[in-house]
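Reading through the structure tokens given below for one structure.
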Ligand code: AQP
């Protein structure tokens with residue numbers, strides 16, 4: 007059976023970007039003929055500074071968000087990365103397989119490290135190697151990710167191929183990225199050329215899954231737009247990233263195509279469209295955020311669920327790591 011792995015970093019609260027770009031799709035991928043493994047990748051979060059209390063809270067929020075949105079822990083494996091040590095152990099092996107030149111080509115490192123790459127953590131640089139381990143420790147065949155993660159999944163394939171070649175084995179599968187279309191990329195509400203991020207500077211640039219109805223309405227109301235409202239057809243969104251983003255968000259939340267959204271609101275001003283978008287977002291997100299809050303009232307229960315998930319994850323990961331050690335020639339007692 008195909009096996010899916012994907013993760014979210016607890017580097018802040020969950021956003022509408024995480025929901026439309028990842029969580030909603032992960033829920034839909036749960037099916038009897040697909041094994042699904044979903045992870046709060048806390049070890050990736052600490053590649054940049056995280057307040058320890060915030061990190062624990064963020065990890066629980068991801069678990070609550072996934073459960074509230076419909077991830078079924080009976081069907082999917084749900085856990086946090088640091089509880090399954092096999093990820094980091096395999097990442098070390100991959101650090102010795104991957105080449106420095108490969109890492110130097112990673113655009114996300116350049117984006118995240120900024121101008122002062124000398125001051126970035128070594129972990130941030132090695133991030134793709136740990137991500138390859140996250141995927142390959144389960145021999146996952148499919149990885150749903152955003153466009154921005156495509157390069158890392160390609161690197162995962164390079165690592166799998168090089169490992170198999172170097173040791174003359176056919177052990178690690180060559181994983182397929184399941185890339186979302188560019189339309190499902192949710193952009194920043196204040197700058198439509200940047201993606202909506204958990205850790206962006208201003209809270210006004212993103213919708214958090216835990217935002218209340220008033221906050222959601224206020225953020226859409228203040229979202230950057232241009233004087234032209236909804237055009238008569240999709241072509242009228244060309245070169246208007248902020249307008250396109252609001253239409254795309256409406257589309258993602260309503261399951262209408264962007265063309266259908268534009269057709270429904272053709273010629274409407276923002277004074278009509280933005281409140282309709284806010285109402286739709288509240289209608290879709292409120293049941294999830296209410297359930298998230300209920301779950302987060304009992305952190306011990308969330309921790310218990312994550313620990314149970316980690317046990318199931320380890321049952322797959324441990325034999326794969328043992329076999330890897332054997333292939334590499336690391337002696338076991
Ligand atoms: N804006 C987005 N639109 C669509 N998909 C998104 N994802 C994140 N933001 C958007 C998808 O969510 C999954 C988990 O991502 P992540 O949290 O592990 O990493 P990220 O993409 O780096 O998220 P952030 O919010 O931008 O975090 P920070 O600010 O800490 O760097 C992925 O599948 C991602 O594509």
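In UniProt numbering, the protein residues as written are 7 to 339. Built from N, CA and C at the ideal position, the CB exists for glycine as well. In this text the structure is predicted, and so the values were computed from the model without any measurement.
Legend entry - Best match in 66, 58 and 14 for proximity to residue 50 [C-alpha to C-alpha]: 14
Inset, instruction - Check the DSSP bridge columns for residue 37 and list the partner residues they point to. - result: 40
Inset, instruction - May I ask you to check if the CB of residue 21 is nearer than 7 Å to at least one heavy atom of the ligand AQP? - result: yes
Inset, instruction - Starting from the C-beta of residue 165, find all residues in its chain whose C-beta is less than 6 Å away, skip the five residues before and the five after it, and write them out in chain order. - result: 100, 103, 104 and 138
Inset, instruction - Report yes or no: do three or more beta-carbon pairs, one from the stretch 225–239 and one from the stretch 79–89, lie closer than 8 Å? - result: no
Legend entry - Cβ pair count under 8 Å reaching 3, the stretch 55–73 against the stretch 145–154: no
Legend entry - Rounded straight-line distance, which links the Cα of residue 304 to that of residue 62: Straight-line Cα distance between these residues: approximately 14 Å.
Legend entry - Where residue 66 sits in the DSSP three-state scheme: If DSSP states are grouped into helix, strand and coil, residue 66 belongs with the helices.
Legend entry - Per DSSP, the bridge partner or partners of residue 46: 14 and 86
Legend entry - Cβ shell of residue 246 (< 7 Å), same chain only, five flanking positions each side left out: Taking residue 246 as the centre and dropping the five residues before and after it, the same chain places the C-beta of 232 closer than 7 Å to its C-beta, in chain order.
Inset, instruction - Report yes if the C-beta distance between residue 43 and residue 93 is below 8 Å; otherwise report no. - result: no
Inset, instruction - Taking only the alpha-carbon atoms, compute the straight-line gap between residue 243 and residue 47 and give it to the nearest angstrom. - result: 36 Å
Inset, instruction - Buried or exposed for residue 16, please, with buried defined as at least 16 other CB atoms from any protein chain shown within 10 angstroms of its CB. - result: buried
Legend entry - Own chain partners of residue 74 with C-beta closer than 7 Å, once the 5 adjacent residues on each side are dropped: 294, 297, 298 and 301
Inset, instruction - Would you mind sorting residue 151 into buried or exposed? The rule is 16 or more other CB atoms within 10 Å of its CB. - result: Taking every protein chain shown into account, the CB of residue 151 has 16 or more other CB atoms within 10 angstroms, so this residue is buried.
Legend entry - Within 8 Å, strictly: CB atoms of residue 287 and residue 213: yes
Inset, instruction - Would you identify the three-state DSSP class for residue 230, choosing helix, strand or coil? - result: It is coil, neither helix nor strand.
Legend entry - Beta carbon shell of the ligand COA at less than 5 Å from a heavy atom: Looking for the ligand COA in the displayed structure turns up nothing; the ligands present are the ligand AQP.
Inset, instruction - Check whether the Cβ atoms of residue 222 and residue 274 sit closer than 8 Å, and answer yes or no. - result: no
Legend entry - Residue nearest to residue 36 in terms of C-alpha spacing, selected from 22, 260 and 12: 12
Inset, instruction - List the DSSP bridge partners of residue 137. - result: None, per the DSSP bridge assignment.
Inset, instruction - Buried or exposed for residue 9, please, with buried defined as at least 16 other CB atoms from any protein chain shown within 10 angstroms of its CB. - result: buried
Inset, instruction - Would you please state the rounded distance, in angstroms, between the beta carbons of residue 268 and residue 240? I believe it to be under 8 Å. - result: 6 Å
Inset, instruction - Spatial neighbours of residue 248 within its chain, please: CB distance less than 6 Å, with the 5 preceding and 5 following residues excluded, ordered by chain position. - result: If you ignore the 5 residues before and after residue 248, its C-beta comes within less than 6 Å of the C-beta of 198, 230 and 231, all in its own chain and listed in chain order.
Legend entry - Residues bridged to residue 201 (per DSSP): 193
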